[in-house]
Amino acid sequence: MVKFILRRIVMMIPQLFILSVLIFLLAKAMPGDALTGQLANNPKMDAQTLAEMREKLGLNDPLYVQYTRWIKNLLHGDLGLSYVHQQPVTDLLAGRMWNTVLLSLCILVLTYAIAVPLGVISGRWQDSWADKLIVGYSYVSFATPLFIFALIMLFLFGFKLGWFPTGGSVDIQLEEGTWDYYISKFNHLLLPSLSGALISTVGIIQYLRSEIIDTKVKDFVRTARAKGVPEAKIYSRHILRNSFLPIAAFLGYEITGLIGGSVFLESIFSYPGIGQLFLQSIMQRDYSVVTALVMISGLATLVGTLLSDIILSAVDPRIRIE
1 MVKFILRRIV MMIPQLFILS VLIFLLAKAM PGDALTGQLA NNPKMDAQTL
51 AEMREKLGLN DPLYVQYTRW IKNLLHGDLG LSYVHQQPVT DLLAGRMWNT
101 VLLSLCILVL TYAIAVPLGV ISGRWQDSWA DKLIVGYSYV SFATPLFIFA
151 LIMLFLFGFK LGWFPTGGSV DIQLEEGTWD YYISKFNHLL LPSLSGALIS
201 TVGIIQYLRS EIIDTKVKDF VRTARAKGVP EAKIYSRHIL RNSFLPIAAF
251 LGYEITGLIG GSVFLESIFS YPGIGQLFLQ SIMQRDYSVV TALVMISGLA
301 TLVGTLLSDI ILSAVDPRIR IE
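All the letters of the sequence shown, read from the start, carry residue numbers 1 to 322 under full-length UniProt numbering.
So, in structure tokens, the structure goes:
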């Protein structure tokens, strides 16, 4: 297992290099440059001053020179300067990264807390009224876009009923570290987390239902029943253990997918995370922030893939990755 992890980490190095080249070239292919957004915010800036700033920042250098400089800074933890916010990208992300990670973890926990029991009920009692209700819920979730469902949740529970806050991550009037501060943090987090979780459950429910239905008719399950093994033990030790394998394998991908999908949730709920920052940076042409966030997302995807393989081998001892 250790050799496998080390080998996969080594393989990530050329993948990250190729990803960095693609991100850099795509950023340069976008219209304008790092100062375009600043020019839009300050129309009084004359062409000579703009040209001097471009020369000072090295934006007129050849692409390979700019790429080499960007990679060197990246390896030293320097993600560049946000020309819109006028502060280092590292400092800009520090306050927002934790919000996105917290939101993603809450969505992940709620997703599995909802999907696993529903998938087990649907698969074990196939074609029952409960199964039909769960399958119907899955179809509706699959057909409903995330941003539409989030808008409905925001309007109904935020504006109409007033049960949850409609924006932000915490009440700014509260002092950090107090009990009321954490209660406010939880209230602001709950509605976007539920919105993301209720839509994300469809894949897990369908996978788990299908696996249980296929596994419960296999020969080793029939043999266990013929030996008089209690039904509860058959499901816990044989059926569910084998049915959870694909769910465990997708856990790493679920984590990276949630980070990417938080763009819509954070924008709709005005939640100050990196997803909202990413969308704003594209609109404002703050390319330093855009390239840094895409690079971080690519790294998270590779780590999620590695995590999925590790979890899969840990869940099933029969799997040995050498």
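Just so you know, even glycine gets a beta-carbon here, dropped at the ideal spot from N, CA and C.
- Could you give the C-beta distance for Ser270 and Gly123, rounded to a whole number, given that I count them as a contact under 8 Å? Position 270 of the sequence shown, counted from the first residue, corresponds to residue 270. Position 123 of the sequence shown, counted from the first residue, corresponds to residue 123. Their Cβ separation, rounded to whole angstroms, is 39 Å, which puts Ser270 and Gly123 out of contact at 8 Å.
- Task: Count the C-beta pairs between the segment 216 to 224 and the segment 176 to 186 that are closer than 8 Å, then say yes if the count reaches three, no if not.
- Result: no
- Item | Residue nearest to Met283 in terms of C-alpha spacing, selected from Phe220, Ser267 and Val135 | For this step, residue 283 is matched to residue 283 along the sequence shown. Comparing Cα positions, the closest option is Ser267.
- Message: Please return the same chain residues whose Cβ sits closer than 8 Å to the Cβ of Gly162, not counting the five positions on each side in sequence.
- Response: Along the sequence shown, read from residue 1 onward, the residue named residue 162 stands at position 162. Cβ neighbours of Gly162 beyond the five flanking positions: none.
- Which of the three DSSP states, helix, strand or coil, is assigned to residue 323? Any answer about residue 323 is impossible in this case: the structure gives the chain only from 1 up to 322.
- Consult DSSP for Leu161 and reduce its assignment to one of helix, strand or coil. Counting from 1 along the sequence shown, the entry for residue 161 is found at position 161. Coil.
- Query: If we ignore side chains and look at the alpha-carbon of each, how far apart do Tyr235 and Asn242 end up?
  - Reply: Counting from one through the sequence shown, the residue named residue 235 turns up at place 235. Counting from one through the sequence shown, the residue named residue 242 turns up at place 242. Approximately 10 Å between the Cα atoms of the pair.
- Where Phe264 falls, given that 16 or more other Cβ within 10 Å makes a residue buried: Numbered from 1 along the sequence shown, position 264 holds the residue referred to as residue 264. Burial check for Phe264: the Cβ neighbour count within 10 Å reaches 16 or more, so the residue is buried.
- Within the same chain, show all residues whose beta-carbon is closer than 7 Å to that of Val170, passing over the 5 residues directly before and after it, in chain order. Within the sequence shown, the letter at position 170 stands for residue 170. The answer, listed in chain order, is Tyr181, Ser184, Lys185 and His188.
- Message: What does the alpha-carbon distance come out to for the pair Phe220 and Arg7?
- Response: Position 220 of the sequence shown, counting from 1, holds the residue named residue 220. Position 7 of the sequence shown, counting from 1, holds the residue named residue 7. Whole-angstrom Cα-Cα distance: 36 Å.
- Message: Could you pull the DSSP bridge partners for Leu81 from this structure?
- Response: As a first step, residue 81 must be located in the sequence shown, where it is residue number 81. Per DSSP, Pro88.
- Query: Rounded to a whole number of angstroms, what is the C-alpha to C-alpha distance between Ser138 and Ser104?
  - Reply: Numbered from 1 along the sequence shown, position 138 holds the residue referred to as residue 138. Numbered from 1 along the sequence shown, position 104 holds the residue referred to as residue 104. One C-alpha to the other measures close to 21 Å.
- Task: List the endpoints of the continuous alpha helix (DSSP H) containing Arg285.
- Result: Working through the sequence shown from its first residue, we reach residue 285 at position 285. It is not in any alpha helix (DSSP H) - Arg285 carries neither H nor E in the DSSP assignment.
- Message: Here's a check: name, in chain order, each residue in its chain whose Cβ is nearer than 8 Å to the Cβ of Ile23, leaving out the five neighbours to either side.
- Response: Taking the sequence shown and counting its residues from 1, one reaches residue 23 at position 23. Same-chain partners within the cutoff: Thr291, Val294, Met295 and Gly298.
- Message: Could you tell me the alpha carbon to alpha carbon distance between Glu231 and Leu190, rounded to whole angstroms?
- Response: Stepping through the sequence shown from its first residue, residue 231 is reached at position 231. Stepping through the sequence shown from its first residue, residue 190 is reached at position 190. Distance between the alpha carbons of Glu231 and Leu190: 37 Å.
- Message: Just to confirm before moving on: does the CB-CB distance between Leu63 and Lys28 stay below 8 Å?
- Response: Translated into positions along the sequence shown, residue 63 becomes position 63. Translated into positions along the sequence shown, residue 28 becomes position 28. Yes, the pair counts as a contact, with Cβ atoms nearer than the cut-off.
- In the structure shown, what three-state DSSP assignment does Phe142 receive? Here residue 142 corresponds to residue number 142 of the sequence shown, with the count starting at 1. Here Phe142 sits in helix by DSSP.
- Nearest candidate by alpha-carbon position, reference Ala300, set Gln15, Ile134 and Lys72: Taking the sequence shown and counting its residues from 1, one reaches residue 300 at position 300. Nearest to Ala300 by C-alpha distance, out of Gln15, Ile134 and Lys72, is Gln15.
- Give every residue of the same chain whose Cβ lies closer than 8 Å to the Cβ of Trp125, excluding the five residues on either side of it in the sequence, and list them in chain order. Your numbering for residue 125 matches position 125 in the sequence shown. Within the same chain, Trp125 has close Cβ partners Asp131.
- Nearest neighbour of Ser288, chosen from Leu93, Ile13 and Ile18 [CA to CA]: Position 288 of the sequence shown holds residue 288. Checking every option, the nearest Cα to that of Ser288 belongs to Leu93.
- Message: Between the alpha carbons of Gln66 and Gly77, how many angstroms are there, rounded?
- Response: As a working note, residue 66 is residue 66 in the sequence shown. As a working note, residue 77 is residue 77 in the sequence shown. Gln66 and Gly77: Cα-Cα distance of roughly 17 Å.
- Message: Mapping the DSSP letters down to three states, classify Ser104 as helix, strand or coil.
- Response: Position 104 of the sequence shown holds residue 104. Of the three classes helix, strand and coil, the one that applies to Ser104 here is helix, per DSSP.
- Tell me whether Thr178 is buried or exposed, calling it buried when 16 or more other Cβ atoms sit within 10 Å of its Cβ. Against the sequence shown, residue 178 aligns to sequence position 178. Label assigned to Thr178: exposed.
- Message: The alpha helix (DSSP H) that contains residue 331, what's its start and end?
- Response: Any property of residue 331 remains undetermined from this structure, which presents the chain solely from 1 to 322.
- Take the Cβ of Glu211 as the centre, count every other Cβ of all protein chains shown within 10 Å, and call the residue buried at 16 or more, exposed below. Reading the sequence shown from its first residue, position 211 is the one you call residue 211. So Glu211 ends up on the buried side.
- Taking C-alpha atoms, which residue in Arg209, Phe17 and Val229 lies nearest to Ile247? In the sequence shown, residue 247 corresponds to position 247, counting from 1. With distances taken between Cα atoms, Ile247 lies closest to Arg209.
- Counting only the same chain and skipping the five closest in sequence on each side, list residues whose C-beta sits under 6 Å from that of Leu79. The residue you call residue 79 lines up with position 79 of the sequence shown. Once the five neighbours on either side are set aside, the close Cβ partners of Leu79 are Val89, Thr90 and Ala292.
- Query: Where does Val229 sit, in a helix, a strand or coil, going by DSSP?
  - Reply: Taking the first residue of the sequence shown as 1, we reach residue 229 at position 229. Three-state DSSP puts Val229 in coil, outside helix and strand.
- Find out if the Cβ-Cβ distance for the pair Thr305, Thr201 is shorter than 8 Å. For the purposes of this step, residue 305 is taken as residue 305 along the sequence shown, with counting starting at 1. For the purposes of this step, residue 201 is taken as residue 201 along the sequence shown, with counting starting at 1. Taking 8 Å as the Cβ cut-off, Thr305 and Thr201 do not qualify as a contacting pair.
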